[in-house]
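**Q** Quick note on our numbering: the sequence shown kicks off at 427 and runs consecutively. Cβ atoms here follow ideal geometry from the backbone N, Cα and C, with glycine treated the same way. Computed from a predicted model, the values in this text were never measured in an experiment.
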Amino acid sequence: MKIEIWSDVVCPFCYIGKRKMEKALKKFPFASHVEIEWKSFQLNPDLQTNPNISTVEHLAQSKGWSLEQTREISSNVSAMAKKEGLTFDFDRAVVANTKNAHRLIHLAKESGKQDAMKERLLKAYFSQGRNVDDFDTLLELGKEVGLDEEIIKALLNSNQYEDAVNQDVYESRLIGVRGVPFFVLDRKFGISGAQPDEVFDQTLEKAWAEFAKNNPVLDIASSTDGESCDVDGNCW
């Protein structure tokens, strides 16, 4: 059974949601028969990479909030992440366009390293203050998960997989994705946002029951929205 996940590298709830799905799969008796496919989604495709300001500063400017208010909101999200064993450092996070990061994830998919690449990019952005649009950084991170250096360089110096990224975004519109993360299980059931753990458990079991029947009917039914980043780039 395939689980497709639309998400962005700079979406905090996407990282939290990833951990929630992983938790659900650890308890799921048929997890070895589940395939995860990461789908590209850009919260702000027109964003200009700017390593000179932090994400907190950028957020305050774009939302018209004070730095104090922005740090309080960021702290609340960091507390949610901590419950999932994640460390977020928004003061170090670099404002970055994610198109190249998504292209790298598509490259990693070709060698079965897509999930590892996604995880490495999320950690780099949220925990390590790395610029996920910087070519040297992307080269280093790609090599860390086992991708070939010359193949990564060829990717970064071309527009390879740009169409694939755009296709993922187009598909998200077709199925009505309005916020990320968005999990589609067997193209029949959806989970919108970083829902409570029991939603992941129950939806996974329900999707598997339908999958086991080999029912071809397409009916994506989304549950009540959980914490997510919307199509306008709002995560707060």
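Determine the closest residue to LEU548 out of GLU430, CYS661, MET427, VAL436, with distance taken between C-alpha atoms.
**A** Answer by Cα proximity: VAL436.
**Q** Using a 10 Å radius around the Cβ and a threshold of 16 neighbouring Cβ atoms, would you call ARG546 buried or exposed?
**A** Under this definition ARG546 is a buried residue.
**Q** Verify the CB distance criterion: does HIS459 have a CB-CB separation below 8 Å to chain D?
**A** The displayed structure is made up of one protein chain only, and chain D is not part of it.
**Q** Among residues of its own chain, excluding the 5 on either side of LEU564, which ones have a beta-carbon nearer than 8 Å to its beta-carbon?
**A** Hits under 8 Å: ASN526, ALA527, LEU530, VAL558, ILE578, LEU582.
**Q** Evaluate ILE442 with the Cβ neighbour count: other Cβ atoms within 10 Å of its Cβ, from every protein chain shown; 16 or more gives buried, anything less gives exposed.
**A** ILE442 comes out buried.
**Q** Per DSSP, LYS663 is paired with what?
**A** Given a span of 427 to 662 for the chain in the structure shown, any question on residue 663 remains unanswerable.
**Q** Assign PHE608 to one of two classes, buried (16 or more other C-beta atoms within 10 Å of its C-beta) or exposed (fewer than that).
**A** Burial call: buried.
**Q** At what residue ranges does the stretch 452-538 contain a whole run of the alpha helix (DSSP H), taking only runs of 4 or more?
**A** Entirely contained in the stretch 452-538, the alpha helix (DSSP H) runs reaching 4 residues are, in chain order, 481-489, 493-509, 525-535.
**Q** Let me know the secondary structure DSSP gives SER598 once reduced to three states.
**A** It is helical.
**Q** For LEU564, which of helix, strand or coil comes out of DSSP?
**A** Three-state result, LEU564: helix.
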